[in-house]
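Residue 205 is where the sequence shown starts when you use this note's numbering, and the numbers rise one by one after that.
Just so it is clear, CB atoms sit at the ideal spot from N, CA and C, and this is done for glycine as well.
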Amino acid sequence: MDTIIVQERRIAILKKDEIKSLLKEAERYNNGSCLAAIGLMLYAGIRPHEVTKIKWAQIDLERRHIYLLPEHSKTGGARRTTIYNPLFQILKKCNYDPDKAICPRNWLKHWREIRRNAGWGQNKPWPQDALRHTFASYHLEQFKNFEQLQYELGHRNSNLLRTRYVDATDVKNAAEFWGLQ
């Protein structure tokens, strides 16, 4: 039996102005109730369906970690992700309540509205997994560490990273993305 070789497509990542527009709209929209969730997807690579299950109690600002429980992750494994400085700055602006979920009620409706208000819509479709891919691409460009990124994303091995995230053509100024400039 022949092995099927999958041809990977280039991933879409957000540009600097798109990131700014999205974050500005998230901060403005509904008193910033969606800002933390968007920050987690963009600056920690949390999957969209994972972010809906996270509670504030899983976020440790002092140790700068986010704890994903096994029942909340795509792969069924628990993981701890790092709160890098841009995410830390976002989370400090939000209302921390350990008993509440990160995402507000009607999250998907709010998320669609934020993207639409930030410029995505019928003429400019939202790229699938754009925030996770943006995180991974900038992380790899800045830190150049497949093992660390694999751990942060919760991948079982580095094969997907090596086939999908090595093209950093659209990554511009990774240090700025991470707040290191």
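Beta-bridge pairing of residue i - partner residues as DSSP gives them
i	result
LEU272	ARG283
ILE318	Note: ILE318 sits in no beta bridge, so no partner.
For residue i, the three-state DSSP class (helix, strand or coil)
i	result
ILE306	coil
ILE217	coil
ILE263	strand
THR367	helix
LYS296	helix
ASN377	coil
LEU291	helix
Buried versus exposed call for residue i [16 or more other C-beta atoms within 10 Å across all chains shown]
i	result
HIS253	exposed
PRO302	exposed
PRO290	buried
GLY325	exposed
ALA334	buried
ALA261	exposed
ARG283	buried
LEU353	buried
Best match in the options for proximity to residue i [C-alpha to C-alpha]
i	options	result
TYR271	PHE381, GLU351, ILE306 and THR373	ILE306
LYS296	SER237, ILE223, LEU226 and PHE381	SER237
PHE339	ASN321, TYR288 and TRP311	TYR288
TYR389	PRO329, ILE294 and THR256	As displayed, the chain neither begins before 205 nor continues past 385, which places residue 389 out of reach and without an answer.
ARG232	LYS220, THR285, CYS298 and LEU273	CYS298
LYS317	LYS220, LYS224 and ALA230	Reading the sequence as shown, one finds Glu at residue 317 and not Lys. Per the Cα distances, ALA230.
HIS343	GLN332, ARG267, PRO331 and LEU357	LEU357
LYS224	ARG267, ASN349 and ALA322	ALA322
LEU226	ILE215, GLU266 and ALA241	ALA241
ASN235	LEU364, ALA372, HIS314 and TRP330	HIS314
LYS217	GLN332, ARG309, LYS328 and THR285	Residue identity check: residue 217 is Ile in the sequence provided, not Lys. Of GLN332, ARG309, LYS328 and THR285, the residue nearest in Cα terms is GLN332.
LYS348	ARG360, HIS359 and ARG366	ARG366
Beta carbon proximity, residue i to chain B, threshold 8 Å
i	result
TYR233	Here there is only one protein chain, and chain B is not present.
- Query: Which ranges would you report for the alpha helix (DSSP H) in the stretch 219-261 if only whole runs of at least 4 residues count?
  - Reply: 220-232, 239-248 and 252-255
- Message: Runs of 3 residues minimum, wholly inside the stretch 309-363: which ones carry the beta strand (DSSP E) assignment?
- Response: none
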